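Below is one structure, written out as structure tokens; comments come after it.
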Amino acid sequence: MPPDDLAAESTGPVNDGTHSKADGAVDVGPSVDAESAEWLRTLGDTGLGREKALAQLHELLLRIARGELRRRSGQHPITGPELDDIAHQAAGDALLAITAKLDRFRGESRFTTWAYKFVILEVSAKLGRHFWQRPTVALEAEDWDRLPDRFGMGPAEQTQWHDLVTCLRRAVDEELTERQRRVFVAIVLNGVPLDALVVQLGSNRNAIYKTMFDARRKLRAALAAKGYPTLSDDVASGVPTDVDAGRRS
Amino acid sequence: MTGWFELDRFLATDPRDVGCEQAMEILHVYVELVQDDAPGEAARCYPGLAAHLAACGPCGEDFHGLLAAVEANR
Chain A
6 MPPDDLAAES TGPVNDGTHS KADGAVDVGP SVDAESAEWL RTLGDTGLGR EKALAQLHEL
66 LLRIARGELR RRSGQHPITG PELDDIAHQA AGDALLAITA KLDRFRGESR FTTWAYKFVI
126 LEVSAKLGRH FWQRPTVALE AEDWDRLPDR FGMGPAEQTQ WHDLVTCLRR AVDEELTERQ
186 RRVFVAIVLN GVPLDALVVQ LGSNRNAIYK TMFDARRKLR AALAAKGYPT LSDDVASGVP
246 TDVDAGRRS
Chain U
4 MTGWFELDRF LATDPRDVGC EQAMEILHVY VELVQDDAPG EAARCYPGLA AHLAACGPCG
64 EDFHGLLAAV EANR
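Chains as they are written, first to last, in this note's numbering: chain A, 6 to 254; chain U, 4 to 77.
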């Protein structure tokens, strides 16, 4: 499957209950819940009503950002005022994105669920950027010694995994494009979080994931061709693979 | 050979996987389906998204974050 052929999925039946009006206000459809409708009405308003709604939404987003940074505390070393600064940045940027995209809210969920998504994504992006302020890995180094531990290969299997790692390394060098190799090395061998790699390569999460997706497919085929047994696709696809080795490092 | 099967799971790709961009487009809808306590309903409605969340660490993290935010602010 080529990189651009990740499957398309319909967003399902949508409530097309909101439309942008020429004055920037948002028409609220009949099936939007009352609380969401009130958010849309006040945010689409002008003057003091809108200012009050923006302040209220910012407060809500800030609370979500702080909660999310706390929830992810085991994945980053940030604490104190710096952590709160990131929460404020995430809330502020999310508020801007939400107000700019208000006419895209289609009432498929509660307004707040839709809005929280923006701030969660901002937290992820900001943590990715923060990684490079105190990088603990070199992007280009190839730490193949990390691989056995990464995949739970114990000392008792040393001979087997030595052969496997040799085979995989050859496949990485011979089967992958330069970009696929770079992304694979950074994420799998060096433990760079995917969102941090996005920043370093000036790319986006989707593009890096697709690059990695194709690399995984090529490498699996190469190892299968060398006689390594594969789990059935049903079994393999039902198990979390977690394409972000860095998150667990 | 445990390590090999772990590696194989990591390398396996699901053709239903919709990728990050589409996943994030409908994540809020998916989270509310999950929250509505209909076991398996979200994955049945959006198999490509479910496949993606199982494979993509960052998007999976965002899913858990959004679900936690919604549940904490009900």
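Even glycine gets a Cβ: it sits at the ideal position worked out from N, Cα and C.
Everything numeric in this text was worked out from a predicted model, so none of it was measured.
Within the same chain, Cβ atoms closer than 7 Å to the Cβ of A/Trp119 are found at Phe110, the five residues on either side in sequence being excluded. Taken atom to atom, the span from the alpha-carbon of A/Thr104 to that of A/Asp98 is near 10 Å. Taking one beta carbon from each stretch, the region 113 to 131 of chain A and the region 32 to 47 of chain U have 3 or more pairs nearer than 8 Å; the two touch. For the C-beta of A/Pro86, not a single chain U residue is nearer than 8 Å; the gap to the nearest is close to 22 Å. Between the region 57 to 77 of chain A and the region 50 to 60 of chain U, the count of Cβ pairs shorter than 8 Å is below three; the stretches do not touch. Cα atoms of A/Glu183 and A/Leu169: separation of roughly 22 Å, rounded to the nearest angstrom. Under the DSSP assignment, A/Trp44 falls in the alpha helix (DSSP H) whose first and last residues are 39 to 48. Proximity of A/Asn209 to chain U, defined by a Cβ-Cβ separation below 9 Å, is satisfied. Residues of the region 160 to 179 of chain A that bring their beta carbon within less than 9 Å of a beta carbon in chain U comprise Glu162, Gln165, Trp166, Leu169, Leu173, in sequence order. DSSP assignment within the region 67 to 143 of chain A yields the following whole alpha helix (DSSP H) runs of 4 residues or more, N-terminal first: 85 to 105, 116 to 136.
Only residues of its own chain outside the window of five on either side were considered, and among them Arg71 have a CB closer than 8 Å to the CB of A/Asp89, listed in chain order. In terms of CA proximity to U/Leu14, A/Met217 leads the group A/Ser114, A/Lys231, A/Met217, A/Thr84. Segment contact: the region 157 to 173 of chain A against the region 203 to 217 of chain A, fewer than three CB-CB distances shorter than 8 Å; contact not assigned. At a cut-off of 9 Å between beta-carbon atoms, U/Gly68 makes contact with chain A. Residues of the region 176 to 205 of chain A with a C-beta atom less than 7 Å from some C-beta of chain U are Leu199, Asp200, listed in chain order. At a beta-carbon threshold of 8 Å, the residues of chain U lying near A/Thr118 are His31, Val34, Glu35, Leu69, Val73, ordered along the chain. Cβ-Cβ distances below 6 Å link A/Ala220 to Leu181, Gln185, Phe189 in the same chain, with the five nearest sequence neighbours on each side left out; the list follows chain order. For a cut-off of 8 Å, the C-beta gap from A/Ala176 to A/Leu224 is around 5 Å, short enough to register as a contact. Under the 9 Å criterion on CB atoms, A/Phe136 is classed as non-interfacial with respect to chain U.
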